[in-house]
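Heads up: the structure comes next, in structure tokens.
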Amino acid sequence: DTGVSQNPRHKITKRGQNVTFRCDPISEHNRLYWYRQTLGQGPEFLTYFQNEAQLEKSRLLSDRFSAERPKGSFSTLEIQRTEQGDSAMYLCASSLAWGEKNEQFFGPGTRLTVL
Amino acid sequence: GQQLNQSPQSMFIQEGEDVSMNCTSSSIFNTWLWYKQDPGEGPVLLIALYKAGELTSNGRLTAQFGITRKDSFLNISASIPSDVGIYFCAGQASSNTGKLIFGQGTTLQVKP
Chain A
1 DTGVSQNPRH KITKRGQNVT FRCDPISEHN RLYWYRQTLG QGPEFLTYFQ
51 NEAQLEKSRL LSDRFSAERP KGSFSTLEIQ RTEQGDSAMY LCASSLAWGE
101 KNEQFFGPGT RLTVL
Chain B
1001 GQQLNQSPQS MFIQEGEDVS MNCTSSSIFN TWLWYKQDPG EGPVLLIALY
1051 KAGELTSNGR LTAQFGITRK DSFLNISASI PSDVGIYFCA GQASSNTGKL
1101 IFGQGTTLQV KP
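So the sequences go chain by chain: A and B.
Taken in order, the first sequence gives residues 1 to 115; the numbers are from the numbering used here.
Taken in order, the second sequence gives residues 1001 to 1112; the numbers are from the numbering used here.
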């Protein structure tokens, strides 16, 4: 399967702990996105990279959140000092952006539960 | 955060019926995408639209990019049980941003 992969699929942590999620995009996709989805809502944009450059960040991405894409391939999303409000599904997507076309393909997500 | 207005919120239909759902925005978008999401999984891309007035089909699915660029429609013909899931519209405001703005979703249930 050459789709977007995310690890882990599930993470349970205690409040105050740090967590890190990994996303492997579709190979040769130059853009990588992170979204957060809570129950009953559509995904909300967090940030995106074009190659290794982080081009846009949402105000939802507080100081406790950091994302990296060091070599323009896989990406990590770290949450420091987790809070119960961070409990959500964290989705990664990738795209091969050219011209007006920017079809984003999503991974299966990482479900975070903060106790 | 900003979201699109998607309706209806949920639908319960009989197998074989046609389904329509729509998405509206107060601002203009240059791209509309429609996704389907199953429980515990990520959204799966169904149809992408890039031009106002564009009508695109994917099997039993047909979607249209509204002429005003502020709305989009998705139709599913002859529904089957595997159509069950949550359908999301998503819009992109310009090619200068990678951000997609999503609707709240339409939950579709199909009775065999």
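We put the beta carbon where it would ideally sit given N, CA and C, even for glycine.
| query | result |
| --- | --- |
| Residues in its own chain within less than 8 angstroms of Asn1058 (chain B) by CB, not counting five upstream and five downstream? | Leu1046 and Ile1047 |
| For the candidate residues A:Arg64, A:Tyr33 and A:Gln17, whose alpha-carbon lies nearest to that of Gln104 (chain A)? | A:Tyr33 |
| Return the residues of the segment 26 to 45 of chain A that lie within a Cβ-Cβ distance of less than 7 angstroms from chain B, sorted by chain order. | Arg31, Tyr33, Gln41, Gly42, Pro43, Glu44 and Phe45 |
| Can you give the beta carbon distance from Ser87 (chain A) to Val114 (chain A), rounded, assuming they're within the 8 angstroms contact cut? | 5 angstroms |
| Along chain B, in chain order, which residues have C-beta atoms closer than 8 angstroms to that of Glu56 (chain A)? | Thr1097, Gly1098 and Lys1099 |
| So Tyr48 (chain A) contacts chain B; which residues on that side make the cut at Cβ distance below 9 angstroms? | Thr1097, Gly1098 and Lys1099 |
| Measuring only the C-alpha atoms, how far is Phe1088 (chain B) from Gln80 (chain A)? | 30 angstroms |
| For Glu56 (chain A), report the span of its beta strand (DSSP E) as first-last. | Ala53 to Lys57 |
| Alpha carbon to alpha carbon, how far is Gln6 (chain A) from Leu1049 (chain B)? | 27 angstroms |
| Within this structure, are the beta carbons of Ser62 (chain A) and Glu78 (chain A) separated by less than 9 angstroms? | no |
| Any Cβ of chain A within less than 9 angstroms of the Cβ of Leu1033 (chain B)? | yes |
| Taking Asn102 (chain A) as the query, report the chain B residues whose CB atoms sit under 8 angstroms from its CB, ordered along the chain. | Thr1031, Gln1092, Ser1095 and Gly1098 |
| Start and end of the beta strand (DSSP E) containing Arg15 (chain A)? | Where Arg15 (chain A) is concerned, there is no enclosing beta strand (DSSP E), given that its DSSP letter is neither H nor E. |
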